[in-house]
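Colleague:
Residue numbers (the numbering used here): 23 to 140.
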């Protein structure tokens, strides 16, 4: 009986922790600005991003040590899966004259900084 209780407790504990390792967000980005996710020291994370705007968005990876790589254009209503390495930010660029909106689902290390840049 003790084993059943212990296993049940462990299952509930692990399941409840999984809730906190996911971040869901609908994010707005002003015209000609960028949203930066993870510009701090962190582990790897994955993002499911849906462009819910009327125009293309550009994604780029930016290691906190400098530089950028892996640019990707996301068309309107397109959903992409992106994996960011340890200590690498995901930059979502809105180069349009209209506001942009994205739906984000982040898993993995979610201790990520979030901010905007011009």
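All C-beta atoms in this analysis are idealised placements derived from N, C-alpha and C, irrespective of residue type, glycine included.
Three-state secondary structure (DSSP) at residue 55?
Modeller: Here residue 55 is taken as the residue at index 33 of the chain shown, counted from 1. Three-state result, residue 55: strand.
Colleague: Is it buried or exposed for residue 115, if we count other Cβ within 10 angstroms and need 16 for buried?
Modeller: Taking the first residue of the chain shown as 1, we reach residue 115 at position 93. It counts as buried.
Colleague: Give every residue of the same chain whose Cβ lies closer than 7 Å to the Cβ of residue 65, excluding the five residues on either side of it in the sequence, and list them in chain order.
Modeller: Residue numbering aside, residue 65 sits at position 43 when the chain shown is read from its first letter. Cβ within range, chain order: 108, 130 and 131.
Colleague: Kindly identify the DSSP beta-bridge partner or partners of residue 129.
Modeller: The count along the chain shown starts at 1 and reaches residue 129 at position 107. 44 and 68, per the DSSP bridge assignment.
Colleague: Give the range of the beta strand (DSSP E) segment to which residue 116 is assigned.
Modeller: Position 94 of the chain shown holds residue 116. Looking at the DSSP string, the run of the beta strand (DSSP E) that includes residue 116 is 110-116.
Colleague: Using 10 angstroms around the beta-carbon of residue 73, count the other beta-carbons present and answer buried if the total reaches 16, otherwise exposed.
Modeller: As a position in the chain shown, residue 73 is number 51, starting the count at 1. Under this definition residue 73 is a buried residue.
Colleague: List the DSSP bridge partners of residue 50.
Modeller: Residue 50 sits at position 28 when you count from the first residue of the chain shown. Partner(s): 123.
Colleague: Can you give the Cα-Cα distance for residue 97 and residue 67, rounded to whole angstroms?
Modeller: Stepping through the chain shown from its first residue, residue 97 is reached at position 75. Stepping through the chain shown from its first residue, residue 67 is reached at position 45. Within the model, the alpha-carbon separation for residue 97 versus residue 67 is close to 22 Å.
Colleague: Measuring alpha carbon to alpha carbon, tell me which of 135, 122, 89 and 48 ends up nearest residue 80.
Modeller: Looking up residue 80 in the chain shown gives position 58. It is 122.
Colleague: Going by beta carbon distance, what residues of the same chain come within less than 6 Å of residue 149, once the five residues before and after it are set aside?
Modeller: Look at the range of the chain in this structure, 23 to 140, and you will see that residue 149 is not part of it.
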